[in-house]
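Take a look at the structure below.
Residue numbers (full-length UniProt numbering): 1 to 67.
Written out as C-alpha cells, the structure reads:
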C-alpha cells in the first residue's frame with residue numbers, strides 16, 4: 001500500500017470501535033461509501049479480529065488489487 005492508500009484506509013476507519021472483525025470493518029467502511037481502492041483494500045484483509053486502526057493498516061496486503 002502507498003502512503004495515500006494508508007491515509008484513505010485510516011480515514012475510512014475513523015470512529016470504528018475495536019475490537020472488530022473483518023466483517024465488522026467491511027460493513028462499517030462500505031456504509032461510509034469509500035472510493036473503490038479503499039473498499040478493495042479492506043476486502044483484502046485476512047479474516048480475524050483487529051484491535052486498532054494500526055492493526056488493520058498493517059494487515060492490508062501491499063497490493064490488495066492482486067488478492
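Every residue, glycine too, gets a C-beta built ideally from N, C-alpha and C.
Between residue i and residue j, which are expected to be in contact by the criterion C-beta below 8 Å, what is the C-beta distance as a whole number of angstroms?
{"i": "residue 46", "j": "residue 12", "result": "Not quite, the Cβ-Cβ distance comes to about 18 Å (not below 8 Å), so this is no contact."}
{"i": "residue 29", "j": "residue 21", "result": "That pair is no contact at about 13 Å."}
Need the endpoints of the alpha helix (DSSP H) that residue i sits in, please.
{"i": "residue 12", "result": "3–13"}
{"i": "residue 55", "result": "53–59"}
Which same chain residues, not among the five before or five after residue i, have their C-beta less than 8 Å away from its C-beta?
{"i": "residue 59", "result": "45, 46, 48, 50"}
Only counting the same chain, and skipping five residues up and downstream in sequence, which positions put a Cβ closer than 7 Å to that of residue i?
{"i": "residue 15", "result": "none"}
{"i": "residue 26", "result": "42, 43"}
{"i": "residue 18", "result": "50, 51, 52"}
Below 6 Å CB to CB, which residues in the same chain sit around residue i once its five sequence neighbours on both sides are set aside?
{"i": "residue 8", "result": "38"}
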